[in-house]
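Visitor: Would you mind keeping the following structure in view while I ask a few things?
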Amino acid sequence: MACPELIKLLGLSRRQALASLTVVAALLLARLLPLLGIAIIPIAGIVTGGAMTATSLAGRRFNDELRARRGEVEGALALARGCQATKR
């Protein structure tokens, strides 16, 4: 059975979409972006691209840290510290 922490990571693409939508909505509400498709679509693409880049960089950093601290991770998993569901 998977840890709840790992399941939360699977919803990441929804979070990216929600963040992008929030930024574009804020720009529209502040009237910094005209309510035209020719303006909204490129800005939404730029914001979404930035979110994807940030996620990719964070994922690489997370992976590098896991590799660097492999012993600590294995030790924590051996002591059942990696998953809250195992603590009862």
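Numbering (the numbering used here) for the sequence shown: 177 to 264. Note that CB positions come from ideal geometry on N, CA and C, so glycine has one too. From a predicted model like this one, the values you see are computed outputs, not experimental measurements.
1. Judging by CA-CA distance, which residue of E241, L197, G235 is the nearest neighbour of I222?
2. Using a 10 Å radius around the Cβ and a threshold of 16 neighbouring Cβ atoms, would you call A227 buried or exposed?
3. Using DSSP with H/G/I as helix, E/B as strand and the rest coil, what is L204?
4. Can you name, in chain order, every residue of its own chain whose Cβ lies under 8 Å from the Cβ of L242, other than the five neighbours on each side?
5. Considering only the alpha carbon of each residue, which of G235, A244, R245 lies closest to S189?
Guide: Reading it off the structure:
1. The shortest Cα separation from I222 among E241, L197, G235 belongs to L197.
2. That one is buried.
3. The answer is helix: DSSP assigns L204 an H, G or I state.
4. Once the five neighbours on either side are set aside, the close Cβ partners of L242 are V249.
5. That would be G235, whose Cα lies nearest to the Cα of S189.
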